[in-house]
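Each residue of the sequence shown is one higher than the last, beginning at 118 in the numbering used here. Positions of the beta carbon are idealized from the N, C-alpha and C atoms, including for glycine. Written below as structure tokens is the structure these notes are about.
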Amino acid sequence: MKSALQNTKDLSIDELEKYAKCKSVKDFYYTQSASLDASGSLEAVDTSSNTDSSSSSSDSSSSKSSSSDSKNSTDNNGNTPPDMQGNNGGQGGPEMKGGMGSQGDFTVIGYSSESAMTDFIDGTSKITDGSMFDINSSDKKCLISSELATLNSLEVGDTIKLQNPNDEDETITFTISGIYTKSDSSSSSENMMGFNASNDPANQIYTSYKCLSSIITKSEKNASTSTDSTTGMKMSSAIRGQVNGTYVFSSVDDYNSFQKEAKKAGLSSDYTIQSQDLTEYENSLVPLENLSSFAGWFLLIVLIIGAIILIVFNMFNIRNRKYEIGVLTAIGMKKWKVALQFLTETFIVTFVAIILGAIIGACTSVPITNALLENQVTSSQTQQTQVEQNFGRGSDTQNNNSNSSDNNSSQDNKPSDNGQDKGNPPSGGFMGQASNYISSVSSATDLMVVLELILLGLGLTIVSSLTSVIFVMRYEPLKILSQRD
Numbered sequence: 118m119k120s121a122l123q124n125t126k127d128l129s130i131d132e133l134e135k136y137a138k139c140k141s142v143k144d145f146y147y148t149q150s151a152s153l154d155a156s157g158s159l160e161a162v163d164t165s166s167n168t169d170s171s172s173s174s175s176d177s178s179s180s181k182s183s184s185s186d187s188k189n190s191t192d193n194n195g196n197t198p199p200d201m202q203g204n205n206g207g208q209g210g211p212e213m214k215g216g217m218g219s220q221g222d223f224t225v226i227g228y229s230s231e232s233a234m235t236d237f238i239d240g241t242s243k244i245t246d247g248s249m250f251d252i253n254s255s256d257k258k259c260l261i262s263s264e265l266a267t268l269n270s271l272e273v274g275d276t277i278k279l280q281n282p283n284d285e286d287e288t289i290t291f292t293i294s295g296i297y298t299k300s301d302s303s304s305s306s307e308n309m310m311g312f313n314a315s316n317d318p319a320n321q322i323y324t325s326y327k328c329l330s331s332i333i334t335k336s337e338k339n340a341s342t343s344t345d346s347t348t349g350m351k352m353s354s355a356i357r358g359q360v361n362g363t364y365v366f367s368s369v370d371d372y373n374s375f376q377k378e379a380k381k382a383g384l385s386s387d388y389t390i391q392s393q394d395l396t397e398y399e400n401s402l403v404p405l406e407n408l409s410s411f412a413g414w415f416l417l418i419v420l421i422i423g424a425i426i427l428i429v430f431n432m433f434n435i436r437n438r439k440y441e442i443g444v445l446t447a448i449g450m451k452k453w454k455v456a457l458q459f460l461t462e463t464f465i466v467t468f469v470a471i472i473l474g475a476i477i478g479a480c481t482s483v484p485i486t487n488a489l490l491e492n493q494v495t496s497s498q499t500q501q502t503q504v505e506q507n508f509g510r511g512s513d514t515q516n517n518n519s520n521s522s523d524n525n526s527s528q529d530n531k532p533s534d535n536g537q538d539k540g541n542p543p544s545g546g547f548m549g550q551a552s553n554y555i556s557s558v559s560s561a562t563d564l565m566v567v568l569e570l571i572l573l574g575l576g577l578t579i580v581s582s583l584t585s586v587i588f589v590m591r592y593e594p595l596k597i598l599s600q601r602d
């Protein structure tokens, strides 16, 4: 088992780009992250001062997928949809053989394109001073958080010096091109590689992929290697980088197709393709699905009871109009025409009732649905909170559960994007991350619902009118007239 884990490598950029050529992939972007230490007078933001903050996350309307090594059973891109991690001389590469190396105080993230900077696209992060660095340049320019800038009295145009945590003599100097703020920053484990200052979003430094890649490549060329006498593992002093690729899909069907296409393109069976965002999206629908199931059973019961009532009503109606049936058939009207008359009368009443029901339903369906959905969300949150308490995680998770998302019920079946949040677990999982349940709908009645209502009404009318048809066909006109007082 140990040998298998050591021989399994992360996917490289070239491999990730090969799978990005699959027809089902709408877009592909990637990032590279590295852990660096502060050098000189630079100080990292203290993670212990942000314990009241919530985990950093962001959503988009595109479906994505992440792929992780099934032997390690980890998803290195947390909330990012199916994403197959790669490695460019980074952590866990052939030289390291599983060696983790030293962990720095800062996480430097290099982006391949602005599409990869999902926090800025969805508004979670925003540049408040300065400007964006050139995404296509290898110049050592970067964005830093406002907390880091305030702590170290930094401004746009200043330089910061970082160093290799494995080699203090190797330093990198960045020029600050801009300062950003993050609306939902926290010290929770965005990067599950370790629990230190680099996990705090305030200590994340953004630059271009080309810039960070050139730094790591240069570090690898100048690195020295040694063998641990205790473990026998080869250790390198190079800066370790981790590549995370993100595949964007137009729909869940495309995501499912990608799983087959990637295997055909040569993806090893050692890797599995999974989407954390898809899982979270499906989890967010749990209250809505429960309500749908409840409504379905309720509708079935109503239809059965309604059909029985209508059948009984038609039986009494036919008995009261027996003489009318006898007269009509006696003067020569065909029995099927008499039956059709009763059927038409029932259809007219049904049609009027459907119109009134559709109007009333359109006005009351949304508030009633939201009220029922609120009960389902509360029930799901209570259940999740109980599970968290069973694991010794109580009030924090309960507070997070109150932040349910208000989403439109007519939204496309697409998972959302969560940019570069690494290692965030599924809803209600490790670290007690809360689910963002759909807590309201904006429309519950549309043309399709009205058409289904009409079809149900016609079905009930036909079933109940069969009683009239049977009675009419059985009646003999002379016998009916002879029995009249």
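Pair within 8 Å by beta-carbon distance, residue i and residue j
i: proline 574; j: isoleucine 471; result: Note on identity: in this sequence residue 574 is glycine, with proline being the wrong assignment. Yes, these two residues count as a Cβ contact at 8 Å.
i: leucine 420; j: serine 581; result: no
i: serine 255; j: serine 325; result: yes
i: leucine 570; j: alanine 475; result: yes
i: tyrosine 297; j: alanine 233; result: no
i: tyrosine 605; j: leucine 405; result: There is simply no residue 605 to check, as the chain begins at 118 and stops at 602 in what is shown.
i: threonine 241; j: lysine 299; result: yes
i: isoleucine 277; j: leucine 271; result: yes
i: isoleucine 465; j: valine 455; result: no
i: aspartate 246; j: valine 273; result: yes
i: leucine 329; j: glutamine 149; result: yes
i: threonine 342; j: phenylalanine 145; result: no
Residue i, buried or exposed, once every other Cβ within 10 Å from all chains shown has been counted against 16
i: phenylalanine 430; result: exposed
i: serine 358; result: The question names serine, but residue 358 is glycine in the sequence shown. Glycine 358 should be labelled buried.
i: methionine 565; result: exposed
i: asparagine 507; result: exposed
i: aspartate 370; result: exposed
i: isoleucine 485; result: exposed
i: valine 589; result: buried
i: threonine 463; result: buried
i: asparagine 316; result: buried
i: glycine 349; result: exposed
i: valine 469; result: exposed
i: aspartate 127; result: buried
i: threonine 467; result: buried
i: glutamate 231; result: exposed
i: phenylalanine 250; result: buried
Span separating the alpha-carbon of residue i from that of residue j
i: serine 303; j: alanine 161; result: A caution first: serine 303 carries a pLDDT of 48, below 50, which makes its placement in the model unreliable, though a value can still be read off. Roughly 14 Å separates the two Cα atoms.
i: isoleucine 418; j: leucine 572; result: 17 Å
i: aspartate 387; j: serine 219; result: 28 Å
i: lysine 140; j: lysine 377; result: 11 Å
i: alanine 155; j: serine 331; result: 19 Å
i: aspartate 286; j: lysine 338; result: 15 Å
i: valine 494; j: glutamine 503; result: 14 Å
i: glutamate 505; j: aspartate 163; result: 27 Å
i: leucine 473; j: serine 409; result: 23 Å
i: leucine 445; j: tryptophan 453; result: 11 Å
i: glutamate 399; j: tyrosine 372; result: 14 Å
i: serine 129; j: alanine 151; result: 15 Å
i: lysine 381; j: glutamate 134; result: 15 Å
i: leucine 460; j: aspartate 563; result: 28 Å
i: tryptophan 414; j: isoleucine 422; result: 12 Å
Whole-number beta carbon distance between residue j and residue i, since they are thought to touch under 8 Å
i: phenylalanine 223; j: lysine 258; result: Phenylalanine 223 to lysine 258, Cβ: 16 Å. No contact.
i: glycine 295; j: isoleucine 333; result: The pair is not a contact, with the Cβ atoms about 23 Å apart (cut-off 8 Å).
i: isoleucine 289; j: leucine 153; result: 7 Å
i: serine 374; j: lysine 143; result: The pair is not a contact, with the Cβ atoms about 12 Å apart (cut-off 8 Å).
i: threonine 584; j: isoleucine 435; result: 7 Å
i: serine 497; j: valine 403; result: 6 Å
is_contact[residue i, chain D] using C-beta, thresh 8 Å
i: alanine 470; result: As a matter of chain content, chain D is missing from the structure shown, which is built from one protein chain.
Under 8 Å: do the stretch 484-492 and the stretch 388-398 share three or more Cβ pairs, one atom per stretch? no
With contact counted as at least three CB pairs below 8 Å, one residue from each stretch, are the stretch 316-326 and the stretch 224-232 in contact? yes
Spell out a yes or no on whether the stretch 270-288 and the stretch 344-357 are touching, meaning 3 or more CB-CB pairs, one atom from each, closer than 8 Å. yes
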